[in-house]
Amino acid sequence: LYNTKSQIESGIQDLDDKIEKLEFFISQVSQYFSDSLEVLSLAIQGATQLSKVITDSDGNYYADGLDMSWVQKMKDVKIENQKIETSIPISKKQKSIQTLQQQYGFSQTESEILLKLYASMEKKYGTKKANVEFFKIVASYSYGDKSYGAWQIVAGLYSPNGVNGIIVGINDKLKYILKKYGLKDYEIDMIQKAIQNQHNFARLEKIEEGDTNDEIKGKLNLASEKAYGQGNYNKLDEKQKARVRELLFQFGGTIDYSHMAATISAHFTDNHGIENEDDLAGWQGDVAGAMGISPSLGNDDYRSDLDAVNIYHKMKNGDSVVDVTNSYYDSVERTSGYRAYEFVQNIGEGDYTKGMKKLEETYKLYVSSHSSEQSSTFEKFMNAIQHFQKDLDKPNPSIGEQNVK
């Protein structure tokens, strides 16, 4: 019965999507037929009047008393050729789905459920609070586990502290919460797996054409470890192997959505008296280490850290997550160096020079007081920011002469 119920609900969702697309199509193309419809209306009027014409045996006809105004009206109608644009503008929802797919790897259905969740929150709370709650939930799926206690404080995330006095895991805790927003069990289960898989696989590299056998083997072993805790891909059964390849293809090399959401949540949360706590949760933590975590600057970290700062600053006053992310990633795709420039300007409170000075001062502080590993990671980060290399926005960027892993 549960499977049947899920299939019916999924079928209803598919029909709703098709109806929405048809309505959108009609709204876009109806303008091109307005002239033709006017002529058709006049033709029908004319046919009605002509049916009343009297004709004698000699072929003469009499239209006395008939309304023949339609003749002149038809002559006066100008039928203009409409130039149809090569691409009809897509709706906001379709654009958002496209963004979630391209930047984070989510499927069409997964993206639709995430948008449904946000829309429900926005309706209940208004845009500003919905922004906070949405990213809090997304981050909690990966950082709400008890092993990430510091994140739960810094970013104000949900933790597995029980429901109605009963101790439960973070997935059960979030399912209890998400049901309040109208999501079905199968929808909650789907985005839970999607968000957690995306977080686990974002930092992994996809298999590329031209990879050597050893490179492919290494990538599959890492993916196997993430998916099943088994570091040897060849020890998996065929179904598991197919799933590993599917997840690696879908999410490998994407922007870590959970990490970005957690960093945004840290910006929304009080700093608990810790100076620059939100920066430590994001870019400073990744380049120099924070909260017990070693330095790291994979491309998923680089993009998610910078995107978190940039997106937060664009929506902190109440602009919709949907509108902000759509326009932000449009700019990232169109303008080389946009992501890095916006980041420096934002940490400089709108002043790019001030932002670079903050980075340089922070860098000097770490060089003088931290290990060579931390200083080296920060140096690569600074080099990337300063040179605005075009390949920084690609799945596997090189920073200076080296690939940052």
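Residue numbers (this note's numbering): 27 to 431.
For each residue, glycine too, the CB sits at the ideal point set by N, CA and C.
Problem - Local conformation of F132 per DSSP, three classes - result: Of the three classes helix, strand and coil, the one that applies to F132 here is coil, per DSSP.
Handout entry: Contact check, K162 vs L183, beta carbons under 8 Å
Key = Yes, the pair counts as a contact, with Cβ atoms nearer than the cut-off.
Exercise for the section: Pull up the CB-CB distance for T12 and G344, whole angstroms please, since I reckon it's below 8 Å. Expected result: An answer regarding residue 12 cannot be provided, because it is not within the stretch 27 to 431 covered by the chain.
Handout entry: Backbone secondary structure at G381 - three-state DSSP
Key = DSSP places G381 in helix when its eight states are reduced to three.
Practice task
Could you check the C-alpha separation between T388 and G278 for me, to the nearest Å?
Solution key: Each residue's Cα considered, the two are about 31 Å apart.
Problem - Continuous alpha helix (DSSP H) stretch holding G244: start and end - result: Per DSSP, G244 is one residue of the alpha helix (DSSP H) stretching across 239-254.
Practice task
Express the C-alpha separation of G374 and S137 in angstroms, rounding to a whole number.
Solution key: Straight-line spacing of the CA atoms in S137 and G374 works out to 33 Å.
Exercise for the section: Report yes if the CB atom of Y354 is closer than 8 Å to the CB atom of I337, and no otherwise. Expected result: Result yes, Cβ atoms of Y354 and I337 sit closer than 8 Å.
Practice task
Please report the residue range of the alpha helix (DSSP H) in which A156 lies.
Solution key: Counting along the chain, A156 sits inside the alpha helix (DSSP H) bounded by residues 153-169.
Exercise for the section: Run the CB neighbour count on Q432, radius 10 Å, all protein chains shown included, and call it buried at 16 or more, exposed below. Expected result: Because the chain is modelled from 27 through 431, residue 432 falls outside the range shown and cannot be assessed.
Handout entry: R329 versus S67 - alpha carbon distance
Key = Whole-angstrom Cα-Cα distance: 58 Å.
Practice task
Could you check which residue in S284, K206, N157, Q178 has the C-alpha nearest to that of Q218?
Solution key: Out of S284, K206, N157, Q178, S284 has the C-alpha closest to the C-alpha of Q218.
Practice task
With a threshold of 16 other CB atoms inside 10 Å of the CB of A156, please say whether the residue is buried or exposed.
Solution key: Burial check for A156: the Cβ neighbour count within 10 Å reaches 16 or more, so the residue is buried.
Problem - Nearest-angstrom Cα separation, counted from D377 out to S362 - result: Between S362 and D377, the alpha-carbon positions lie close to 19 Å from each other.
Exercise for the section: Within its chain, find whatever has a CB closer than 7 Å to the CB of Y130; leave out the 5 residues flanking it on each side and keep chain order. Expected result: Excluding the 5 residues flanking it on each side, Y130 has same chain C-beta neighbours closer than 7 Å at Q224, T280, I281, Y283, in chain order.
Problem - Y355 - DSSP class collapsed to helix/strand/coil - result: Y355 carries a helical assignment under DSSP once its states are collapsed to helix, strand and coil.
Practice task
Take the Cβ of T289 as the centre, count every other Cβ of all protein chains shown within 10 Å, and call the residue buried at 16 or more, exposed below.
Solution key: Residue environment: T289 is assigned as buried (16 or more neighbouring CB atoms within 10 Å of its CB, all protein chains considered).
Practice task
Reducing DSSP to helix, strand and coil, say where T125 ends up.
Solution key: If DSSP states are grouped into helix, strand and coil, T125 belongs with the helices.
Exercise for the section: Keeping to the same chain, check which residues put their C-beta closer than 7 Å to that of A287; ignore five residues upstream and five downstream. Expected result: If we look at A287 and ignore the five residues flanking it on each side, its Cβ neighbours are F161, V164, A165.
Practice task
Could you pull the start and end residues of the alpha helix (DSSP H) that V270 belongs to?
Solution key: Run containing V270: 264-277, per the alpha helix (DSSP H) assignment.
Handout entry: C-beta contact flag for L274 and K245 at 8 Å
Key = In this structure, K245 lies closer than 8 Å to L274 by Cβ.
Practice task
Take the Cβ of K199 as the centre, count every other Cβ of all protein chains shown within 10 Å, and call the residue buried at 16 or more, exposed below.
Solution key: That one is buried.
Exercise for the section: Could you have a look at N343 and say whether DSSP puts it in helix, strand or coil? Expected result: Of the three classes helix, strand and coil, the one that applies to N343 here is coil, per DSSP.
Problem - Beta-carbon spacing of F227, K210 below 8 Å - result: No, the Cβ-Cβ distance between F227 and K210 is not below 8 Å.
Problem - Extent of the continuous alpha helix (DSSP H) to which S291 belongs - result: Looking at the DSSP string, the run of the alpha helix (DSSP H) that includes S291 is 283-294.
Practice task
Using three-state DSSP, classify D331 as helix, strand or coil.
Solution key: Assigned with DSSP and collapsed to three states, D331 falls in helix.
Practice task
Identify, in the order they occur along the chain, each residue of the same chain with its Cβ nearer than 6 Å to the Cβ of T379, setting aside the five sequence neighbours on each side.
Solution key: Cβ neighbours of T379 beyond the five flanking positions: none.
Problem - Collapsed DSSP secondary structure at S185 in the structure displayed - result: Looking at S185 - three-state DSSP - the assignment turns out to be coil, as it is neither helix nor strand.
Practice task
Please report how far the alpha carbon of S263 lies from the alpha carbon of N247, in whole angstroms.
Solution key: According to the sequence as given, residue 263 is Asp; it is not Ser. Taking the straight line joining both Cα atoms gives about 14 Å.
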